[in-house]
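Structure, as structure tokens:
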Amino acid sequence: GDSVTQMEGPVTLSEEAFLTINCTYTATGYPSLFWYVQYPGEGLQLLLKATKADDKGSNKGFEATYRKETTSFHLEKGSVQVSDSAVYFCALKNTGGFKTIFGAGTRLFVKA
Amino acid sequence: DAGVIQSPRHEVTEMGQEVTLRCKPISGHNSLFWYRQTMMRGLELLIYFNNNVPIDDSGMPEDRFSAKMPNASFSTLKIQPSEPRDSAVYFCASSLAGQSSYNEQFFGPGTRLTVL
């Protein structure tokens, strides 16, 4: 079945450092790929998405490119801020199904 | 738009008591999902509905858990009787056009349940 694997955390960075969180997936067909973010005490919210191969999703300085050849959707940000401290979930949704498959989440701590 | 609304936000109860969690999805959304999140097990999908009909309840941990969606604007998750291991944050989420791959889920703020 469909699955998502993302790097284990926690990831600890200093402010203004470069961020990469790796995500790979296994799926039949042509799923859409998502990154969700969960801030402390809140529900998950969509950060960005890409619906087909080679699409780049971007939002709030974060970017991820849908790479079908490597089945990957790595999240990047050039300069993180303390306010980016959160848990990040990679996810996929395939056509013909109702549910979204979430990765285990990666906790990010950014130090001032 | 008010987003997905969950109530209560916090619930503290004693073992053996019945607990009812409530969710109001975003108007117009036709899929609704209940999740549970704990440090040990992460985010788990419990059950989901499409057009008010339960599609898959294989994630419901045991018969003590039940969920209903009597209409498009309301769903409940009930635990009877509750046990300390049910302590978790329970999230409700909704989305549009269930089987399309494009549409993201919108999560509520969650209900933090503590069973003593």
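In order, the protein sequences belong to chains A and B.
So the first sequence is residues 1 to 112, counted in the working numbering.
So the second sequence is residues 113 to 228, counted in the working numbering.
Glycine included, each C-beta is placed from N, C-alpha and C at the ideal position.
Quick one: what does DSSP say residue i is sitting in, helix, strand or coil?
i	result
Ser83 (chain A)	helix
Asp175 (chain B)	coil
Pro120 (chain B)	coil
Asp168 (chain B)	strand
Pro182 (chain B)	strand
Leu44 (chain A)	coil
Phe135 (chain A)	This structure cannot speak to residue 135 (chain A), because chain A is shown only from 1 to 112.
Ser71 (chain A)	The identity of residue 71 (chain A) in the sequence shown is Thr, whereas the question assumes Ser. Coil at Thr71 (chain A), not helix or strand.
Ala114 (chain B)	coil
What residue does the beta strand (DSSP E) around residue i start on, and which one ends it?
i	result
Arg148 (chain B)	143 to 150
Phe98 (chain A)	Looking at the DSSP string, Phe98 (chain A) is not in any beta strand (DSSP E), and its letter there is neither H nor E.
Lys111 (chain A)	106 to 111
Gly154 (chain B)	154 to 162
Lys56 (chain A)	56 to 59
Thr51 (chain A)	Run containing Thr51 (chain A): none; DSSP gives neither H nor E here.
Ile191 (chain B)	186 to 191
Lys130 (chain A)	Residue 130 (chain A) lies beyond the range of chain A shown here (1 to 112); nothing can be said about it.
Ile138 (chain B)	Looking at the DSSP string, Ile138 (chain B) is not in any beta strand (DSSP E), and its letter there is neither H nor E.
Ala209 (chain B)	Note, Ala209 (chain B): premise wrong, no beta strand (DSSP E); not H, not E.
Tyr25 (chain A)	23 to 26
Glu130 (chain B)	First-last for Glu130 (chain B): undefined, no H or E at that position.
Which one of the options has the shortest CA to CA distance from residue i?
i	options	result
Gln192 (chain B)	B:Asp169, B:Tyr202, B:Ser170, B:Glu174	B:Glu174
Val131 (chain B)	B:Gly220, B:Arg176, B:Asn215, B:Ile117	B:Arg176
Ala50 (chain A)	A:Leu19, A:Ala64, A:Glu69, A:Glu15	A:Ala64
Pro182 (chain B)	B:Leu157, B:Ser199, B:Val116, B:Pro166	B:Pro166
Leu19 (chain A)	A:Thr95, A:Gln81, A:Leu44, A:Pro40	A:Gln81
Ser72 (chain A)	A:Thr12, A:Phe98, A:Asp55	A:Asp55
Tyr25 (chain A)	A:Arg67, A:Asn59, A:Leu48, A:Ala86	A:Arg67
Tyr30 (chain A)	A:Gly43, A:Glu76, A:Asp2	A:Asp2
Does the distance between the C-beta of residue i and the nearest non-hydrogen atom of the ligand FMN fall short of 7 angstroms?
i	result
Asn215 (chain B)	Among the components modelled here there is no ligand, and therefore nothing to report on the ligand FMN.
Could you please give me the residues that DSSP links to residue i through a beta bridge?
i	result
Leu225 (chain B)	B:Glu123, B:Ala200
Lys93 (chain A)	A:Ser32
Thr5 (chain A)	A:Thr24
Glu195 (chain B)	According to DSSP, Glu195 (chain B) bridges with nothing at all.
Tyr88 (chain A)	A:Val37, A:Thr106
Glu63 (chain A)	A:Ser58, A:Glu76
Determine, for residue i, whether the minimum Cβ-Cβ distance to residues of chain C falls below 8 angstroms.
i	result
Phe203 (chain B)	The chain labelled as chain C is not found among the protein chains of the depicted structure, namely A and B.
(request) Count the C-beta pairs between the stretch 148 to 156 of chain B and the stretch 117 to 127 of chain B that are closer than 8 angstroms, then say yes if the count reaches three, no if not. (result) no
(message) Pairs of beta-carbons, one from the stretch 102 to 111 of chain A and one from the stretch 213 to 224 of chain B, closer than 8 angstroms: are there three or more?
(response) no
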